[in-house]
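Engineer:
Protein chains: 2
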Amino acid sequence: MDEFSIIDKYFKRNSFIGDDAAIISPISGNDLVISTDCMQEGVHFLKDDEPHALGHKLMAVNLSDMAAMGANPKYVTLTLGLPTADDDWLREFADGLFSLANKYDVQLIGGDISRALHISLSLQIIGYVAKGMALGRRGANLGDDIYISGSLGEAAFFLAGKLKNEKKITPNRLEYPEPRIALGRSLAGIANCMIDVSDGLLQDLQHILDLNRVGAELDSNFIPYSAELKKLPLKSKLDYALTGGEDYELLFIAPNSRARIIEKISRDLDIPLTKIGSIVAGKNVIIRGMKKIPKIASRGFKHFI
Amino acid sequence: MDEFSIIDKYFKRNSFIGDDAAIISPISGNDLVISTDCMQEGVHFLKDDEPHALGHKLMAVNLSDMAAMGANPKYVTLTLGLPTADDDWLREFADGLFSLANKYDVQLIGGDISRALHISLSLQIIGYVAKGMALGRRGANLGDDIYISGSLGEAAFFLAGKLKNEKKITPNRLEYPEPRIALGRSLAGIANCMIDVSDGLLQDLQHILDLNRVGAELDSNFIPYSAELKKLPLKSKLDYALTGGEDYELLFIAPNSRARIIEKISRDLDIPLTKIGSIVAGKNVIIRGMKKIPKIASRGFKHFI
Numbered sequence: 001m002d003e004f005s006i007i008d009k010y011f012k013r014n015s016f017i018g019d020d021a022a023i024i025s026p027i028s029g030n031d032l033v034i035s036t037d038c039m040q041e042g043v044h045f046l047k048d049d050e051p052h053a054l055g056h057k058l059m060a061v062n063l064s065d066m067a068a069m070g071a072n073p074k075y076v077t078l079t080l081g082l083p084t085a086d087d088d089w090l091r092e093f094a095d096g097l098f099s100l101a102n103k104y105d106v107q108l109i110g111g112d113i114s115r116a117l118h119i120s121l122s123l124q125i126i127g128y129v130a131k132g133m134a135l136g137r138r139g140a141n142l143g144d145d146i147y148i149s150g151s152l153g154e155a156a157f158f159l160a161g162k163l164k165n166e167k168k169i170t171p172n173r174l175e176y177p178e179p180r181i182a183l184g185r186s187l188a189g190i191a192n193c194m195i196d197v198s199d200g201l202l203q204d205l206q207h208i209l210d211l212n213r214v215g216a217e218l219d220s221n222f223i224p225y226s227a228e229l230k231k232l233p234l235k236s237k238l239d240y241a242l243t244g245g246e247d248y249e250l251l252f253i254a255p256n257s258r259a260r261i262i263e264k265i266s267r268d269l270d271i272p273l274t275k276i277g278s279i280v281a282g283k284n285v286i287i288r289g290m291k292k293i294p295k296i297a298s299r300g301f302k303h304f305i
Numbered sequence: 001m002d003e004f005s006i007i008d009k010y011f012k013r014n015s016f017i018g019d020d021a022a023i024i025s026p027i028s029g030n031d032l033v034i035s036t037d038c039m040q041e042g043v044h045f046l047k048d049d050e051p052h053a054l055g056h057k058l059m060a061v062n063l064s065d066m067a068a069m070g071a072n073p074k075y076v077t078l079t080l081g082l083p084t085a086d087d088d089w090l091r092e093f094a095d096g097l098f099s100l101a102n103k104y105d106v107q108l109i110g111g112d113i114s115r116a117l118h119i120s121l122s123l124q125i126i127g128y129v130a131k132g133m134a135l136g137r138r139g140a141n142l143g144d145d146i147y148i149s150g151s152l153g154e155a156a157f158f159l160a161g162k163l164k165n166e167k168k169i170t171p172n173r174l175e176y177p178e179p180r181i182a183l184g185r186s187l188a189g190i191a192n193c194m195i196d197v198s199d200g201l202l203q204d205l206q207h208i209l210d211l212n213r214v215g216a217e218l219d220s221n222f223i224p225y226s227a228e229l230k231k232l233p234l235k236s237k238l239d240y241a242l243t244g245g246e247d248y249e250l251l252f253i254a255p256n257s258r259a260r261i262i263e264k265i266s267r268d269l270d271i272p273l274t275k276i277g278s279i280v281a282g283k284n285v286i287i288r289g290m291k292k293i294p295k296i297a298s299r300g301f302k303h304f305i
């Protein structure tokens with residue numbers, strides 16, 4: 001099976017691949033938002049992990065970047081490096097990828113599939129946002145509220161179980177994260193800045209603090225823990241919820257004056273939006289109700305140590 | 001060294017990386033042209049290959065896709081999978097990548113760098129073309145002329161030498177291909193269809209023939225051989241030139257009425273544009289002056305056998 005047969009067989013479902021490149025006509029009055037995320041065998045996943053889950057997650061982590069910008073995802077390109085062209089693997093991977101893509105009306109418009117020594121997955125995503133309305137990481141001011149969507153810690157909790165070979169529960173948010181697309185779009189024009197929590201809340205929040213030269217004070221009583229964490233001791237709960245990452249919730253900053261509209265968005269979308277703290281002077285995170293903050297070295301996921 | 005340090009140190013030269021995604025404002029009256037190409041260790045290159053050449057080639061093969069569409073390349077995103085974060089490797093790779101990017105005023109606007117078991121390189125590229133003017137692979141009509149730019153066979157000749165551990169000559173077109181950007185843009189509106197020769201002339205031409213349900217008759221006397229091939233016997237020359245690939249010349253189809261403007265483009269850009277045959281009825285390639293055509297199985301580069 002050569003590259004062209006693989007494309008014909010598995011990757012032409014909602015796509016218009018054919019020329020050297022895809023052609024799109026931008027929608028006037030909109031900016032384009034572009035990002036990319038890859039997943040590597042032996043680092044982000046193991047060789048024998050379910051290909052359906054890998055396809056879902058590759059699409060989900062890229063969609064989540066669009067959500068974090070308040071953008072409407074529209075197109076993706078895919079590069080796949082594979083040791084062999086295994087029909088079952090390809091079918092299930094494409095199923096996982098396209099089922100999530102179709103849910104958000106995202107089209108695969110190009111790609112490159114090649115043999116490789118290990119599995120290497122890379123997706124690049126393009127979305128639209130009304131001109132000037134994309135949400136970046138700048139705009140956090142003293143006194144602003146810090147919010148998190150949904151709940152935290154489930155992905156890290158399942159990862160810990162997986163590493164200890166405990167029985168898996170499928171689907172879980174480690175393998176099947178759900179990007180917060182509708183929420184992201186609703187918060188464009190409401191939040192001042194936003195980021196998706198992929199590396200752990202403390203690490204991702206720190207990016208915003210560094211860029212805006214401010215600090216943050218969080219209250220450990222207000223962290224929305226995932227159901228799995230509720231019976232754990234506080235220290236352990238906080239560790240999963242604040243440093244675990246991979247939940248793909250949205251962390252955003254907004255002035256107090258937006259509290260009521262944020263409550264309304266939460267009700268309309270049926271997604272909890274919890275105020276977990278405030279922007280303060282300084283440059284670090286302080287956690288009320290906790291004497292020691294996890295060391296930065298143990299926070300989140302560092303790719304190179 | 002973590003991902004963020006690597007980005008700061010090596011990949012912020014002409015880029016504006018920072019948020020979850022980059023924001024661009026499309027130029028009105030233009031279409032966007034998008035494609036992606038990856039290079040995998042052990043398949044497209046070897047672990048010890050010069051990182052500067054890898055950076056150049058990764059950029060070049062993606063730029064070549066823009067050339068083939070008649071587009072003006074503008075933005076790229078990069079995903080890198082690396083076993084270790086080696087400073088020398090990263091500096092040289094980035095040098096190779098950016099020196100070619102800067103030549104064509106292409107900006108790196110996003111990326112994802114991660115640890116991986118083997119080196120995996122993937123670039124995604126976005127360019128502009130005046131609305132409706134992108135050159136695809138459709139539009140070859142009976143009697144049309146078939147042209148090739150520059151000369152063929154050098155990359156394959158050097159690859160054969162490299163595989164036999166013969167003394168390398170650097171730079172050569174295998175490692176330092178030069179994308180035909182100016183030519184591609186000049187041919188938008190002149191050629192009917194175009195493709196870049198990455199997999200070998202016969203295989204790439206066949207894509208156009210299949211899509212347009214036509215055949216082609218080439219004349220072996222008119223093939224523009226690279227200087228290195230000139231002393232070889234005809235069979236060997238033709239094999240390098242027609243099945244070798246990786247020269248990244250542009251293959252294009254145009255009606256006879258465009259012959260004079262194509263001559264003018266060739267003179268203006270100082271790039272040979274050679275008529276090597278015609279579109280005929282049928283579905284395959286016939287080569288005048290050659291009894292046997294290389295079997296399809298031995299043509300070009302098949303990623304999965």
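Line order of the protein sequences matches chains A and B. Here the first sequence is numbered in my numbering, starting from 1 and rising by one per residue. Here the second sequence is numbered in my numbering, starting from 1 and rising by one per residue. Glycine included, each C-beta is placed from N, C-alpha and C at the ideal position.
(1) Taking the straight line between their C-alpha atoms, what separation do you get for A/Glu154 and A/Ala116?
(2) On a CA-only basis, which of B/Gln124, B/Leu163, B/Lys47 is nearest B/Asp86? Give me that one, please.
(3) Is it right to say B/Gly189 is buried, meaning 16 or more other beta carbons lie within 10 angstroms of its own, or is it exposed?
(4) Please check the pair B/Met306 and B/Leu135, which I expect to be a contact at CB under 8 Å, by giving their CB distance rounded to whole angstroms.
(5) Flag A/Ser186 as yes if its beta-carbon sits less than 8 Å from any beta-carbon of chain B, otherwise no.
(6) Taking DSSP as the reference, what is the three-state secondary structure of B/Glu41?
(7) Name the chain B residues whose beta carbon is nearer than 7 Å to that of A/Gly111?
(8) Suppose contacts are defined by Cβ-Cβ distances below 8 Å. Is A/Tyr10 in contact with A/Leu90 by that definition?
(9) With contact counted as at least three CB pairs below 8 Å, one residue from each stretch, are the stretch 238 to 246 of chain A and the stretch 194 to 205 of chain A in contact?
(10) Would you say A/Ser25 faces chain B, with C-beta separation under 8 Å as the test?
(11) Looking only at C-alpha atoms, which of B/Ile261, B/Ile279, B/Val106, B/Ile287 sits nearest to B/Arg138?
(12) Beta carbons nearer than 9 Å to chain B: which residues of the stretch 27 to 60 of chain A have them?
(13) Does the beta carbon of B/Arg299 come closer than 8 Å to any beta carbon on chain A?
(14) Give the range of the alpha helix (DSSP H) segment to which B/Ala71 is assigned.
(15) Does any residue of chain B have a CB that is nearer than 8 Å to the CB of A/Gly289?
(16) Using a threshold of 8 Å, state whether the C-beta atoms of A/Tyr128 and A/Leu32 are closer than that.
(17) Near A/Leu63, which residues of its chain fall below 8 Å by C-beta distance, leaving aside the five closest residues on each side in sequence?
(18) From what residue to what residue does the alpha helix (DSSP H) around A/Lys47 run?
(19) I'd like to know whether the C-beta of B/Phe98 is nearer than 8 Å to at least one C-beta of chain A.
(20) Count the CB pairs spanning the stretch 267 to 278 of chain B and the stretch 147 to 163 of chain B that are closer than 8 Å, and state whether there are at least three.
(21) Note down, one range per segment and in chain order, each beta strand (DSSP E) of at least 3 residues found wholly within the stretch 192 to 219 of chain A.
(22) Near B/Arg185, what residues of its chain come up, given a Cβ to Cβ distance below 7 Å and the 5 sequence neighbours on each side ignored?
(23) Are the C-beta of B/Gly81 and some C-beta of chain A separated by less than 8 Å?
(24) How would you list, in chain order, the residues of chain B whose beta-carbon sits under 8 Å from the beta-carbon of A/Leu117?
(25) State the DSSP-derived secondary structure class of A/Met1, mapped to helix, strand or coil.
(26) Output yes if chain A places a C-beta closer than 8 Å to the C-beta of B/Lys275; else output no.
(27) What three-state label does DSSP hand B/Ile181 in the structure shown?
(28) Is A/Leu108 helix, strand or coil when you go by DSSP?
(29) Between which two residues does the alpha helix (DSSP H) carrying A/Lys235 extend?
(30) Do we get a CB-CB distance below 8 Å when we pair B/Thr243 with the residues of chain A?
(31) So what's A/Asp86 in DSSP terms, helix, strand or just coil?
(32) Does the separation of the CB atoms of A/Thr79 and A/Asp112 fall below 8 Å?
(33) Just to confirm before moving on: does the CB-CB distance between A/Tyr225 and A/Lys237 stay below 8 Å?
(34) Answer with yes or no whether the minimum CB distance from A/Lys283 to chain B is below 8 Å.
(35) Could you spell out the range, first to last residue, of the beta strand (DSSP E) harbouring B/Ser257?
(36) Can you list, in chain order, the stretches of the alpha helix (DSSP H) that have 4 or more residues and sit fully within the stretch 108 to 181 of chain A?
Structural biologist: Inspection of the coordinates gives the following:
(1) Whole-angstrom Cα-Cα distance: 32 Å.
(2) B/Lys47
(3) exposed
(4) Residue 306 of chain B is absent from the model: chain B starts at 1 and stops at 305.
(5) no
(6) strand
(7) Thr36
(8) yes
(9) yes
(10) Yes, A/Ser25 counts as interfacial toward chain B.
(11) With respect to the C-alpha of B/Arg138, the residue from B/Ile261, B/Ile279, B/Val106, B/Ile287 having the closest C-alpha is B/Ile279.
(12) Among the residues of the stretch 27 to 60 of chain A, those with a Cβ less than 9 Å away from any Cβ of chain B are Ile27, Ser28, Asn30, Asp31, Leu32, Val33, Ile34, Ser35, Thr36, Asp37, Cys38, Met39, Gln40, Glu41, Gly42, Val43, His44, in the order of the chain.
(13) Unreliable placement is indicated for B/Arg299, whose pLDDT of 39 sits below 50; the coordinate value is still reported in the next sentence. With a threshold of 8 Å between beta carbons, B/Arg299 makes no contact with chain A.
(14) Neither: B/Ala71 is in no alpha helix (DSSP H) and is coded neither H nor E.
(15) It does not: the Cβ of A/Gly289 has no partner Cβ on chain B nearer than 8 Å.
(16) yes
(17) Pro73, Leu100, Tyr104, Val106, Ile125, Pro179, Ile181
(18) Counted as a single uninterrupted DSSP element, the stretch harbouring A/Lys47 is not any alpha helix (DSSP H), since DSSP gives it neither H nor E.
(19) B/Phe98 does not count as touching chain A.
(20) Yes, the stretch 267 to 278 of chain B is in contact with the stretch 147 to 163 of chain B.
(21) Listed in chain order, they are 193 to 196, 215 to 219.
(22) Listed in chain order, the non-local C-beta contacts of B/Arg185 below 7 Å within the same chain comprise Gly70, Asn72, local neighbours out to five positions each way being set aside.
(23) yes
(24) What A/Leu117 touches in chain B: Gln40, Glu41, Gly42, Val43, Leu117, His118.
(25) coil
(26) no
(27) The answer is helix: DSSP assigns B/Ile181 an H, G or I state.
(28) Three-state result, A/Leu108: strand.
(29) 234 to 243
(30) no
(31) coil
(32) In this structure, A/Asp112 lies closer than 8 Å to A/Thr79 by Cβ.
(33) yes
(34) Under the Cβ distance rule, A/Lys283 does not count among the residues neighbouring chain B, no pair being separated by less than 8 Å.
(35) Note, B/Ser257: premise wrong, no beta strand (DSSP E); not H, not E.
(36) 154 to 163
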